[in-house]
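Chains as they are written, first to last, in the numbering used here: chain A, 80 to 333; chain B, 80 to 333; chain C, 80 to 333; chain D, 80 to 333; chain E, 80 to 333; chain F, 80 to 333.
6 protein chains.
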Amino acid sequence: MATALSAPALSRPSGRAADALRTLSIEPGFARHAEGSCLIRMGGTEVLCTASVEGRVPGFLRGKGEGWVTAEYGMLPRATHTRGDREAARGRQSGRTQEIQRLIGRSLRAVTDRAAMGEMSVTIDCDVLNADGGTRCASVTGAWVALHLAFRHCMSKNIMKAVPLLDQVAAVSCGICDGVPVLDLDYAEDSKAGADANFVLTGKGGLVEVQGTAEGAPFSEAELLELLRLARHGTAQLFAAQRLAVGLPAGEPG
Amino acid sequence: MATALSAPALSRPSGRAADALRTLSIEPGFARHAEGSCLIRMGGTEVLCTASVEGRVPGFLRGKGEGWVTAEYGMLPRATHTRGDREAARGRQSGRTQEIQRLIGRSLRAVTDRAAMGEMSVTIDCDVLNADGGTRCASVTGAWVALHLAFRHCMSKNIMKAVPLLDQVAAVSCGICDGVPVLDLDYAEDSKAGADANFVLTGKGGLVEVQGTAEGAPFSEAELLELLRLARHGTAQLFAAQRLAVGLPAGEPG
Amino acid sequence: MATALSAPALSRPSGRAADALRTLSIEPGFARHAEGSCLIRMGGTEVLCTASVEGRVPGFLRGKGEGWVTAEYGMLPRATHTRGDREAARGRQSGRTQEIQRLIGRSLRAVTDRAAMGEMSVTIDCDVLNADGGTRCASVTGAWVALHLAFRHCMSKNIMKAVPLLDQVAAVSCGICDGVPVLDLDYAEDSKAGADANFVLTGKGGLVEVQGTAEGAPFSEAELLELLRLARHGTAQLFAAQRLAVGLPAGEPG
Amino acid sequence: MATALSAPALSRPSGRAADALRTLSIEPGFARHAEGSCLIRMGGTEVLCTASVEGRVPGFLRGKGEGWVTAEYGMLPRATHTRGDREAARGRQSGRTQEIQRLIGRSLRAVTDRAAMGEMSVTIDCDVLNADGGTRCASVTGAWVALHLAFRHCMSKNIMKAVPLLDQVAAVSCGICDGVPVLDLDYAEDSKAGADANFVLTGKGGLVEVQGTAEGAPFSEAELLELLRLARHGTAQLFAAQRLAVGLPAGEPG
Amino acid sequence: MATALSAPALSRPSGRAADALRTLSIEPGFARHAEGSCLIRMGGTEVLCTASVEGRVPGFLRGKGEGWVTAEYGMLPRATHTRGDREAARGRQSGRTQEIQRLIGRSLRAVTDRAAMGEMSVTIDCDVLNADGGTRCASVTGAWVALHLAFRHCMSKNIMKAVPLLDQVAAVSCGICDGVPVLDLDYAEDSKAGADANFVLTGKGGLVEVQGTAEGAPFSEAELLELLRLARHGTAQLFAAQRLAVGLPAGEPG
Amino acid sequence: MATALSAPALSRPSGRAADALRTLSIEPGFARHAEGSCLIRMGGTEVLCTASVEGRVPGFLRGKGEGWVTAEYGMLPRATHTRGDREAARGRQSGRTQEIQRLIGRSLRAVTDRAAMGEMSVTIDCDVLNADGGTRCASVTGAWVALHLAFRHCMSKNIMKAVPLLDQVAAVSCGICDGVPVLDLDYAEDSKAGADANFVLTGKGGLVEVQGTAEGAPFSEAELLELLRLARHGTAQLFAAQRLAVGLPAGEPG
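What follows is the structure, encoded as structure tokens:
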């Protein structure tokens with residue numbers, strides 16, 4: 080695919096090929112108190128993901144024998160080029176923050192066997208230490224690792240017999256920059272992309288979330304499909320990195 | 080298209096065909112003080128959309144010669160089956176509310192020529208009087224009507240020479256219910272759909288927003304495309320209704 | 080009475096006689112999910128009133144065998160000449176809002192047989208869609224209709240045997256404009272009245288609330304009594320409209 | 080009047096006659112930093128009233144050459160029988176608090192010559208140290224004293240030539256207890272009164288505010304008038320005490 | 080000690096000697112509803128301290144058989160030279176307020192035998208009526224009196240057998256002004272002190288809290304010790320005043 | 080000193096000697112966008128400190144030619160043994176948070192030559208990634224490094240000629256555990272210490288802040304002095320680590 084895409088003399092700010100991810104690393108166990116955690120780095124974006132297990136569920140699930148997985152998201156004030164207000168000081172979370180944490184929670188629930196969990200909850204906290212674009216996608220990808228590790232912790236404590244995950248889930252952003260579809264936008268690209276889309280995909284190829292937005296002119300169906308193809312290419316590498324981080328063999332689904 | 084879809088003995092709660100919109104009406108001028116307004120009804124969903132014009136722009140745009148269009152969204156406490164908390168009493172807007180109002184604002188800005196507006200703002204308020212599913216989509220569709228009427232009001236006051244809209248924009252939800260893709264979900268369908276997607280499309284066929292979400296199992300690329308096809312079918316009727324409401328001839332773009 | 084009042088060549092902005100109400104309509108059942116509801120219109124003022132029934136009472140009443148009736152009030156942002164802040168976005172209800180919702184609740188409780196209700200609550204929501212003065216009074220009048228219909232809904236579900244209302248209650252504003260006492264102020268009059276008073280009266284002629292306020296110079300006892308006389312004249316018509324809306328015969332008390 | 084009223088063997092909890100005020104004292108200058116202040120005591124109710132002068136007006140008055148008078152009200156947590164939440168800790172003022180501070184502000188503005196003030200503001204703070212009923216009325220009465228003293232302070236600083244007050248203003252509550260109209264309710268009476276009314280009157284006999292409320296059964300026009308008569312009797316004594324506190328001769332208007 | 084200190088021609092704004100407290104009075108029973116209360120005056124600083132008893136403890140102590148003592152602090156808007164915002168209107172307590180109320184609570188708990196209290200709570204409210212420096216210290220000193228009186232009230236109701244206080248506790252501020260250590264800073268001194276320290280000491284001489292802060296240049300260990308010596312001198316008088324206020328004989332520990 | 084202290088068979092949970100710091104590291108430049116930053120680790124406590132420079136000062140300093148240094152503090156939800164509420168979600172910062180950020184700001188200002196800074200501000204954000212006691216002290220120590228690096232960044236941009244710091248500042252906690260004074264408490268010790276004290280000291284030996292608190296029984300003057308001696312011992316090592324992190328030679332003051 081790279082051949083076709085790089086044809087129109089593309090030059091990305093980072094020098095990457097159109098279908099190249101940024102350098103990626105996932106460091107498990109970064110938070111020492113959490114049942115599961117990792118620090119995920121995608122280029123200049125770093126997100127600390129922690130999973131906290133609690134032996135009870137929210138009111139609307141009580142007595143149904145199912146578990147719950149939810150997420151919160153935050154950005155340290157100076158994760159960005161200029162310092163942002165601390166949301167705790169301002170007294171409310173922004174709409175963007177709430178939108179992102181809802182997305183992370185939905186994505187994880189889509190691959191969790193909540194009946195197999197039993198009545199317990201896992202809260203995933205995704206806190207951005209350094210931001211260079213794609214923080215919500217890195218959060219989803221890292222959150223799955225933290226969740227998997229937390230479930231393994233529960234197994235080691237004999238709270239559960241098997242990891243109640245049906246599949247892996249990971250996310251990546253794609254966009255159209257100067258007319259060319261590219262994978263894994265960094266901040267410089269994100270702020271000038273004509274359209275961008277976040278894809279949350281499963282290890283088996285299913286779509287969990289598609290969020291495409293035209294920042295300027297509307298985009299076409301063909302462009303949407305091209306972006307989806309790039310996303311499949313990128314998430315393949317993310318799935319491999321997740322398996323490495325949690326110690327799963329290279330081939331099996333999560 | 081209906082032929083193929085209705086093959087598997089589909090029975091929607093409303094008795095509609097898989098590709099049928101609900102009954103639709105747009106009543107312009109419902110709010111007597113607003114520069115533009117309409118009451119849009121899609122089946123049991125009713126949203127009052129008002130457009131308020133102000134001769135100044137937010138700080139980040141000051142001095143740039145461009146206009147601004149933004150939106151707020153609310154739901155009356157008893158628009159739903161059971162009474163919801165009044166957000167003003169609770170002291171904060173929910174994440175869902177903020178997500179929706181950001182979507183409406185982006186959708187309108189995608190078809191607005193903000194340079195042609197000059198330094199003025201329009202705030203669209205979308206307030207749900209009765210809810211039966213699809214309130215965010217009805218809001219986008221009605222908001223365009225209110226915005227168009229507000230611009231026409233500005234023309235009548237000699238504040239602008241032409242309506243600074245590049246196209247029409249409308250939205251519709253689609254989903255997969257019992258394995259069958261259907262158009263324009265009502266509440267009964269929405270709450271049991273396996274996947275649903277909101278499409279914001281322009282009169283000329285462009286995509287402004289695609290928001291697909293798997294509520295249960297992930298969906299496939301083929302299903303996403305089938306939903307998009309239904310959405311194009313549905314928005315064609317929405318565009319016609321918008322033109323009628325603002326008094327544009329049937330064929331030209333907005 | 081009209082004779083005496085119109086003597087000093089009165090000219091109201093609306094052309095009405097000093098003792099004339101604005102055109103009045105009450106449309107029952109506007110909100111399709113609420114147990115009781117109506118859309119009340121008094122001239123350019125439109126208020127949607129809904130009654131929501133719940134099978135439990137606030138903590139301070141638990142175990143006492145009595146019911147509770149309370150109210151909330153809101154105004155859509157563009158119900159007025161210039162757009163007002165959305166209270167949910169601002170994060171708190173104004174003092175005016177709270178004052179009005181307390182007034183509505185007290186007025187309804189004054190005619191409700193709370194012992195006969197049993198341990199259940201009704202919350203009345205009054206949301207102003209269009210405002211042209213007198214919104215709190217229209218709210219009280221419409222709220223009674225919504226409450227009556229909700230109790231009738233409970234009867235149809237065999238939750239209660241009879242409507243636990245001791246009387247009708249309705250409200251109207253009066254004021255002194257250019258020295259002349261007039262009935263049912265619209266916004267133009269309200270903003271220049273020297274004094275105004277809101278009267279909440281019962282079908283049998285009792286006073287539930289009297290709120291007289293001098294905006295400029297203090298008013299006299301004689302003026303207060305003249306305003307009360309106008310209010311009795313106006314509420315007689317409101318009581319008739321309420322009975323019509325809930326299907327009660329013209330003469331009996333509510 | 081007392082003769083007629085005491086006929087039906089009235090026994091008030093305090094042993095007072097039906098038309099008797101509680102013991103009353105006004106101590107000017109209690110707050111040492113404020114431009115004007117007093118501690119007003121009516122029986123067991125004690126309110127500290129301070130007036131703070133500022134050389135500017137709120138935005139809506141800027142450039143109009145008029146002054147502004149406003150009020151805030153608070154109750155110390157243990158001013159009452161059982162400790163109330165501190166509103167600062169709870170993060171919002173109650174509806175009751177806002178209703179009262181609006182009433183105090185309106186009452187003072189009704190007797191203030193705001194054009195004569197020039198562009199300056201006075202904020203009156205009324206803080207209840209001990210509560211035994213009638214705190215809003217004591218606040219109005221004490222607030223006038225604090226305001227008068229603050230204006231005198233401005234005169235002593237050559238900021239103004241004369242006290243810009245057109246009249247005195249004071250308030251008292253009356254109610255119907257066990258069927259008998261009585262003056263100046265204490266807490267024990269207030270909590271069992273069938274109806275009560277707060278009257279804000281001017282030294283010259285005008286009505287500034289009338290707030291009558293039926294707690295139980297509606298009241299009649301005759302009862303309203305009887306309560307007003309008691310209020311006139313009571314405020315005559317309040318006006319005298321105000322004059323004493325600010326050092327005005329006994330007879331002239333404020 | 081005074082001899083040595085006054086050597087360098089000290090002149091305090093108040094004319095006091097370096098080791099002199101301001102005039103001090105403690106008026107017990109100021110709040111008529113509270114189980115214990117006092118109005119403490121140290122020079123121009125006046126704080127109303129009330130103790131409210133409740134028969135239950137916060138969640139984290141339930142079932143442990145221990146009591147709880149906590150404190151809240153507030154300042155009336157015009158207790159200071161210029162009017163401060165009402166924290167209730169602003170919707171949140173400042174960091175300073177929270178810091179002070181935590182200090183008061185810790186100080187009281189250090190001398191309370193919480194096991195002997197049994198499962199009950201006392202909330203101390205310290206509200207500053209007039210401020211002239213040292214409000215937090217006056218609050219601690221007055222709070223102990225209110226707490227002692229509240230416990231005595233409980234004894235009179237046969238809720239407890241003895242006052243569960245292990246010792247007295249009082250606080251005073253000291254500081255270095257123009258290079259000279261002085262006792263009990265008033266506002267004029269506090270705002271220009273190079274360093275200041277608040278000491279919370281017990282009747283038996285123990286240290287409960289030491290909070291020393293350099294406002295300008297750092298201070299030395301010798302200076303810290305000199306300030307502590309002054310504080311011991313000052314609190315000896317505070318302990319005597321507390322004993323007087325609660326009716327304890329002059330010598331025994333509280 | 081260690082000899083005397085270890086006499087009573089001390090056994091700290093960590094096995095450390097009474098006067099031993101935990102393992103310490105300071106990693107400069109952790110945050111890539113901030114003008115200065117470091118990640119400081121003291122045993123299991125990790126705090127990310129960032130310094131953000133802005134070319135303007137708060138209102139109260141405008142036009143005075145001085146700079147400003149302030150701090151904010153936060154703890155990631157799962158920095159601790161059990162997950163804490165996210166303060167942004169709860170809508171307000173706790174009293175503890177505000178107390179700590181005020182302490183950090185004061186400590187830095189005590190060694191900053193604000194006149195030499197000119198009219199600019201530095202905001203230090205201290206965010207705890209992992210908590211094991213002593214987070215406020217680690218924050219002060221790391222904050223000085225971030226501030227120093229930010230000033231050096233300003234020099235490299237020719238905004239300032241020299242680093243406007245008069246001295247180094249660092250903090251350490253000490254406490255009395257089982258009757259023995261120990262240095263640098265970890266969480267296990269902190270939660271059972273009878274008394275603890277935080278000392279903020281300068282490189283030249285001055286005291287900036289002393290905050291001693293008796294958690295149980297009051298402590299004595301001798302104990303306070305012993306804790307101060309331990310703190311001097313510990314901060315000597317902190318000052319050396321700071322110099323290393325910012326590249327200053329080992330001996331000179333900062």
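Idealized CB from N, CA, C, for every residue including glycine. Model, not experiment: these values are computed from the prediction.
*Could you check if D:Phe139 is buried or exposed, using at least 16 other CB atoms within 10 Å of its CB as the buried criterion?*
Counting from 1 along the fourth sequence, the entry for residue 139 of chain D is found at position 60. Flag for D:Phe139 reads exposed.
*Identify, in the order they occur along the chain, each residue of the same chain with its Cβ nearer than 6 Å to the Cβ of A:His145, setting aside the five sequence neighbours on each side.*
Taking the first residue of the first sequence as 1, we reach residue 145 of chain A at position 66. According to the sequence provided, residue 145 of chain A is Glu. The question's His does not apply to it. Result list for A:Glu145: Arg193 and Ala194, in chain order.
*Would you kindly report the start and end of the unbroken alpha helix (DSSP H) that includes E:Val325?*
Locating residue 325 of chain E in the fifth sequence gives position 246, counting from the first residue. Following the DSSP letters along the chain, one finds E:Val325 inside the alpha helix (DSSP H) bounded by residues Glu300 to Val325.
_Given this structure, state the Cα-to-Cα distance separating A:Gly163 from F:His112, to the nearest angstrom._
Taking the first sequence and counting its residues from 1, the one referred to as residue 163 of chain A is at position 84. Taking the sixth sequence and counting its residues from 1, the one referred to as residue 112 of chain F is at position 33. The alpha-carbon atoms of A:Gly163 and F:His112 are separated by roughly 12 Å.
*Selected residue, minimal CA-CA separation from A:Leu323, among A:Glu106, A:Ala130, A:Ser93 and A:Arg181*: Here the question's residue 323 of chain A lines up with position 244 in the first sequence. For A:Leu323, the nearest C-alpha among the options comes from A:Glu106.
*Out of A:Thr202, A:Val201, A:Ser200 and A:Ala217, which has the shortest C-alpha to C-alpha gap to A:Leu208?*
Translated into the one-based positions of the first sequence, residue 208 of chain A becomes position 129. The candidate whose alpha carbon is nearest that of A:Leu208 is A:Ala217.
*Taking C-beta pairs closer than 7 Å, name the residues in chain B that C:Asp263 reaches, listed in chain order.*
Taking the third sequence and counting its residues from 1, one reaches residue 263 of chain C at position 184. Correct list: empty, because the minimum Cβ distance to chain B is about 18 Å.
*With a Cβ-Cβ cutoff of 8 Å, do C:Ser252 and C:Asp275 count as a contact?*
For this step, residue 252 of chain C is matched to residue 173 along the third sequence. For this step, residue 275 of chain C is matched to residue 196 along the third sequence. Yes. Within cutoff.
*Leaving out five residues before and five after D:Met199 in sequence, what residues of the same chain have Cβ atoms less than 6 Å from its Cβ?*
For the purposes of this step, residue 199 of chain D is taken as the residue at position 120 of the fourth sequence. Once the five neighbours on either side are set aside, the close Cβ partners of D:Met199 are Gly134 and Gly146.
*Span of the beta strand (DSSP E), counted from its first residue to its last, around C:Leu286*: Sequence index remark: in the third sequence, residue 286 of chain C carries index 207 (1-based). Here the beta strand (DSSP E) through C:Leu286 covers Leu286 to Ala293.
*Beta-carbon proximity check, B:Leu103 vs B:Gln316, cutoff 8 Å*: Position 24 of the second sequence, counted from the start, is the residue given in the question as residue 103 of chain B. Position 237 of the second sequence, counted from the start, is the residue given in the question as residue 316 of chain B. Contact annotation: B:Leu103 and B:Gln316 have beta-carbon atoms nearer than 8 Å.
_Assuming the contact rule is C-beta atoms closer than 8 Å, D:Glu268 and D:Pro156 should be a hit. Round their C-beta distance to whole Å, please._
Residue 268 of chain D sits at position 189 when you count from the first residue of the fourth sequence. Residue 156 of chain D sits at position 77 when you count from the first residue of the fourth sequence. With a Cβ gap of about 24 Å, D:Glu268 and D:Pro156 do not count as contacting.
*Segments assigned alpha helix (DSSP H), at least 4 residues, entirely inside the segment 101–174 of chain E*: The qualifying runs are 166–169.
_Minimum C-alpha distance to F:Gly184 - residue among E:Ala99, E:Ala293 and E:Ala310_ = For this step, residue 184 of chain F is matched to residue 105 along the sixth sequence. Comparing Cα positions, the closest option is E:Ala293.
*Taking a Cβ distance cut-off of 8 Å, strictly less, list which residues of the segment 310–324 of chain C are near chain D, in chain order.*
none
*DSSP beta-bridge partners for E:Phe278?*
Position 199 of the fifth sequence, counted from the first residue, corresponds to residue 278 of chain E. Per DSSP, E:Val251 and E:Val289.
*Could you run through the segment 138–170 of chain B and flag, in chain order, every residue whose CB is less than 9 Å away from some CB of chain C?*
Glu151, Gly153, Leu155, Pro156, Arg157, Ala158, Thr159, His160, Thr161, Arg162, Arg165, Glu166, Ala167, Ala168, Arg169 and Gly170
*Which of the three DSSP states, helix, strand or coil, is assigned to A:Ala81?*
Reading the first sequence from its first residue, position 2 is the one you call residue 81 of chain A. Low per-residue confidence applies at A:Ala81: pLDDT is 39, beneath 50, and the placement is therefore not dependable, though the value from the model is reported in the following sentence. Reduced to three states, the DSSP call for A:Ala81 is helix.
*Kindly list the residues whose CB is nearer than 7 Å to the CB of E:Leu280, restricted to its own chain and excluding five residues on each side of it in sequence; keep chain order.*
Counting from 1 along the fifth sequence, the entry for residue 280 of chain E is found at position 201. So the qualifying residues of the chain are Ala249, Leu286, Val287, Ala310, Arg311 and Thr314.
*Got a sec: is the Cβ-Cβ distance from E:Ser299 to anything in chain F below 8 Å?*
Against the fifth sequence, residue 299 of chain E aligns to sequence position 220. At least one chain F Cβ lies under 8 Å of E:Ser299.
*Along chain E, which residues have their Cβ under 8 Å away from the Cβ of F:Cys268?*
Numbered from its first residue, the sixth sequence carries residue 268 of chain F at position 189. For the record, residue 268 of chain F in the displayed sequence is Glu; it is not Cys. Residues of chain E passing the Cβ test: none, with the nearest at roughly 19 Å.
*asked:* Within 8 Å, do at least three Cβ pairs link the segment 165–180 of chain E to the segment 221–235 of chain E?
replied: no
*asked:* Considering just the uninterrupted stretch of the alpha helix (DSSP H) at B:Leu264, what are its terminal residues?
replied: Residue 264 of chain B sits at position 185 when you count from the first residue of the second sequence. For B:Leu264, there is no enclosing alpha helix (DSSP H), as DSSP gives it neither H nor E.
*Which chain A residues sit within Cβ distance under 7 Å of F:Ala113?*
By 1-based counting over the sixth sequence, the position of residue 113 of chain F is 34. The contacting residues are Arg157.
*Measuring only between beta-carbons, confirm whether F:Thr281 sits less than 8 Å from chain E.*
Here the question's residue 281 of chain F lines up with position 202 in the sixth sequence. Yes, its Cβ sits closer than 8 Å to a Cβ of chain E.
*C-beta atoms of A:Tyr152 and A:Cys205 nearer than 8 Å*: Taking the first residue of the first sequence as position 1, residue 152 of chain A is located at position 73. Taking the first residue of the first sequence as position 1, residue 205 of chain A is located at position 126. Taking 8 Å as the Cβ cut-off, A:Tyr152 and A:Cys205 qualify as a contacting pair.
*With 7 Å as the C-beta to C-beta threshold (strictly closer), list the residues of the segment 97–110 of chain C near chain B in chain order.*
Ala110
*Helix, strand or coil: how does DSSP classify B:Ile203 here?*
Locating residue 203 of chain B in the second sequence gives position 124, counting from the first residue. Secondary structure at B:Ile203: strand, using DSSP grouped into helix, strand and coil.
*Consider the Cβ of B:Arg181: report whether some Cβ of chain A lies at a distance smaller than 8 Å.*
As a first step, residue 181 of chain B is located in the second sequence; it is residue number 102 there, counting from the start. So yes, B:Arg181 belongs to the interface.
*Using a C-beta cutoff of 8 Å, does A:Val289 count as contacting chain B?*
Against the first sequence, residue 289 of chain A aligns to sequence position 210. At least one CB atom of chain B sits nearer than 8 Å to the CB of A:Val289.
*How about F:Val219 and E:Leu303: are their beta carbons less than 8 Å apart?*
What you label residue 219 of chain F is simply residue 140 of the sixth sequence in a count that begins at 1. What you label residue 303 of chain E is simply residue 224 of the fifth sequence in a count that begins at 1. No, they are not a contact pair.
*Is the shortest distance between the beta-carbon of A:Gly123 and the beta-carbons of chain F less than 8 Å?*
Position 44 of the first sequence, counted from the start, is the residue given in the question as residue 123 of chain A. Answer yes: the Cβ-Cβ gap between A:Gly123 and chain F drops below 8 Å somewhere.
_If I measure Cβ to Cβ from D:Ala158 and keep anything under 7 Å in the same chain, skipping five residues before and after, which residues do I get?_
Locating residue 158 of chain D in the fourth sequence gives position 79, where the first residue counts as 1. Only Val207, Leu208, Asn209 and Ala210 meet the Cβ criterion.
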